[in-house]
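Enquirer: Take this structure, written in structure tokens, and hold onto it; I'll ask about it next.
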Amino acid sequence: MQLLEEMTYPNQSEDCLSLNIWTKPQSGEAKKAVLVWIHGGAYTSGGSNSVWYNGQAFVEKEDVIVVSLNYRLSIFGFPGNPTTRANLGLLDQRLAVEWVRDNIAAFGGDTDRIALFGQSAGGGSSDFYSYAWTDDPIVHGFILMSGTVGLGTLSNETANSLWFNSTTAVGCGGASDDHDKVHECMMTKSGAEISAKLPANTDKDLPLLFSPTVDEQVVFSNYSGRKPIAAPVLVGNTDFEAGLYRLLAPQLPESALPDLNSVTFVCPAAQRAADSVLQGNPTWRYRYFGDFPNLELTTDPPSGAWHGSDVPVLFNATPTEIMPDTPEEQAVGAYLRGAWAAFAKDPVNGLSTYGDGGWPRYSTNESTLVRLAYHNRVGPNLGIGNEYDFNCTGIPMVISPANGSTPTTSSGAPVPTTTSNSSGRVGPAMGLVLGVFAVLGIFL
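In this note's numbering, the protein residues as written are 314 to 757.
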């Protein structure tokens, strides 16, 4: 439980829009590639100042700049207020990226090599960005860790219901009252007052969480056939994301965990990778297997590579006060940072030449799945691209193009003009899986 306590964020504040920048005195390239980090937390919690997100280990060894950002969360970032814009938290992220574009050169950064990376809701945010800002991308590559647009969105109607449930609880009126006056009343309340009175959701048809909402400007109702920014993508997830939920949601039966893995993480990653290949973007896919003693949540049964367990290894922020890192853990962390930095420095070719032999671009039925920390080893440890997608349906078989040729399906057919963006279909436990998200939300 000590490990989980380190993952919580008790000091939330309205005064949150800030950036952290890690760099070091010039020693390598004249201009350094930039990695911009978006934290997770189910769009309701988290912060860039977490000890888990310290960029120092990146900049010390990899000659890059790391930027982490805050954005408005929960009702403040995704209010569902019909009198204001939706998705303020995602707009905060865009504003932060624009600030990086305009100012990072003063820190030695290269504005032509900015990569966005995030985990869980941070991965979803990065993916929302990739579809929203196609006319003015700024970003040149995306690393989507355990999160894509497949994590889901709210409809306007659902978001409005969440908003008015909350305004009623705060004492500012509800849906039947003048919406402008409700808004004005809420503006007089402090963040602490509002947060303290956010109601528990008792409506089984409404999600608990304030999160990205369809507005057809930043978040879209249908991603099928919609083209993202034409930029390289690295997408993946941990081997057993659901290992976290054995501890947080013991009411969830063991039989539901494979469906939780599939519907929330594996199938959306598979779909995003396939879509990216079909749209002609350099694409890599990974699955992280690291299972280290100081990150164990349960031992019987083992938690494995649970949701979020890759983050402290990536940032060299493992809880060594619980137990020292193993040599293998340190080696895997260095390998991950090297790979992420290689992608940032050259999104098109960096991974293809990284390490011993490079990483192959993703194809579904060839040995292209990079199995990171497989048996806690460094290296690509390749597996078949769709080896773990057995619960997913409706995802096309794809072959990455070589030498600028046209991407194809595995049959060699021409690229379809539209592609499915289904998250994949799963078994009968899916309803139960989705039903416990209220318990799990802070960790997504």
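Where a beta carbon is used, it is the ideal one built from N, C-alpha and C, also for glycine.
The beta strand (DSSP E) with glycine 549 in it runs from where to where?
Expert: Looking at the DSSP string, the run of the beta strand (DSSP E) that includes glycine 549 is 546 to 551.
Enquirer: Which same chain residues, not among the five before or five after asparagine 716, have their C-beta less than 7 Å away from its C-beta?
Expert: Residue placement at asparagine 716 is flagged as unreliable, the pLDDT there being 47, under the threshold of 50; the coordinate-derived value follows with that caveat. None.
Enquirer: Based on the DSSP output, what are the partners of tryptophan 335 in its beta bridges?
Expert: According to DSSP, which records beta bridges pairwise, tryptophan 335 is partnered with Val379.
Enquirer: Please confirm whether tyrosine 558 has its beta-carbon closer than 9 Å to some beta-carbon of chain B.
Expert: The structure shown contains no chain B, having only a single protein chain.
Enquirer: Roughly how many whole angstroms lie between the Cα atoms of lysine 510 and arginine 385?
Expert: Looking at the two C-alpha atoms, the distance is approximately 18 Å.
Enquirer: Three or more C-beta pairs under 8 Å: does that hold for the stretch 702 to 715 against the stretch 590 to 599?
Expert: Yes, the stretch 702 to 715 touches the stretch 590 to 599.
Enquirer: Quick one: give me the first and last residue of the beta strand (DSSP E) that alanine 346 is part of.
Expert: Here the beta strand (DSSP E) through alanine 346 covers 345 to 351.
Enquirer: Going by C-alpha to C-alpha distance, which of Val349, Thr336, Ile708 sits closest to glycine 538?
Expert: The candidate whose alpha carbon is nearest that of glycine 538 is Ile708.
Enquirer: If I measure Cβ to Cβ from leucine 332 and keep anything under 8 Å in the same chain, skipping five residues before and after, which residues do I get?
Expert: Cβ within range, chain order: Ser361, Val380, Ser381, Leu382, Asn383, Ala409, Trp412, Val413.
Enquirer: Taking the alpha carbon of proline 637 as the point to measure from, which residue in Leu664, Phe605, Ala652 has its own alpha carbon closest?
Expert: Closest by alpha carbon: Phe605.
Enquirer: I need the boundaries of the alpha helix (DSSP H) containing leucine 404, first residue and last residue.
Expert: Unbroken alpha helix (DSSP H) run through leucine 404: 401 to 416.
Enquirer: Do serine 438 and proline 525 have their C-beta atoms within less than 9 Å of each other?
Expert: Their beta carbons are under 9 Å apart, which means serine 438 touches proline 525 by this criterion.
Enquirer: I need the DSSP call for arginine 674, collapsed to helix, strand or coil.
Expert: Note: arginine 674 maps to coil in three-state DSSP.
Enquirer: With H, G and I counted as helix, E and B as strand and the rest as coil, what does DSSP make of isoleucine 712?
Expert: In the structure shown, isoleucine 712 sits in a strand (DSSP, three-state: E or B).
Enquirer: With DSSP collapsed to three states, give me the class of proline 571.
Expert: Reduced to three states, the DSSP call for proline 571 is helix.
Enquirer: Using DSSP's beta-bridge definition, name the partner residues of proline 615.
Expert: Answer by DSSP bridge pairing, in chain order: Thr612.
Enquirer: Could you tell me whether the stretch 448 to 468 touches the stretch 543 to 552, using the rule of 3 or more Cβ pairs below 8 Å?
Expert: Touching, yes, given that three or more Cβ pairs across the two stretches are closer than 8 Å.
Enquirer: Hey, how far is the Cα of glutamate 373 from the Cα of aspartate 415?
Expert: Distance between the alpha carbons of glutamate 373 and aspartate 415 is about 24 Å.
Enquirer: Under 7 Å Cβ to Cβ from glycine 487, same chain only, skipping five residues before and after it: list those, please.
Expert: Once the five neighbours on either side are set aside, the close Cβ partners of glycine 487 are Phe477, Thr480, Thr481.
Enquirer: Report back the beta-carbon spacing between asparagine 607 and threonine 577 to the nearest angstrom; my notes put them in contact at under 8 Å.
Expert: Actually they are not in contact, since the Cβ atoms of asparagine 607 and threonine 577 sit about 26 Å apart, beyond 8 Å.
Enquirer: Using the C-alpha atoms, what's the distance from threonine 501 back to arginine 684?
Expert: The straight-line gap from Cα to Cα measures roughly 51 Å.
Enquirer: So the candidates are Ile697, Val691, Gly692; which of them puts its Cα closest to the Cα of threonine 677?
Expert: When only C-alpha atoms are compared, the closest one is Ile697.
Enquirer: If arginine 674 and tryptophan 597 are in contact, beta carbons under 8 Å, what's the gap, nearest whole angstrom?
Expert: Confirmed, about 6 Å.
Enquirer: Could you pull the start and end residues of the alpha helix (DSSP H) that alanine 582 belongs to?
Expert: Run containing alanine 582: 580 to 591, per the alpha helix (DSSP H) assignment.
Enquirer: Does the distance from the CB of alanine 586 to the CB of glutamate 375 come in under 9 Å?
Expert: No.
Enquirer: Can you give me the C-alpha to C-alpha distance between glutamine 584 and cysteine 498, rounded to a whole angstrom?
Expert: Taking the straight line joining both Cα atoms gives about 43 Å.
Enquirer: For the beta strand (DSSP E) holding arginine 426, just list the boundary residues, first then last.
Expert: First-last of the beta strand (DSSP E) with arginine 426: 422 to 432.
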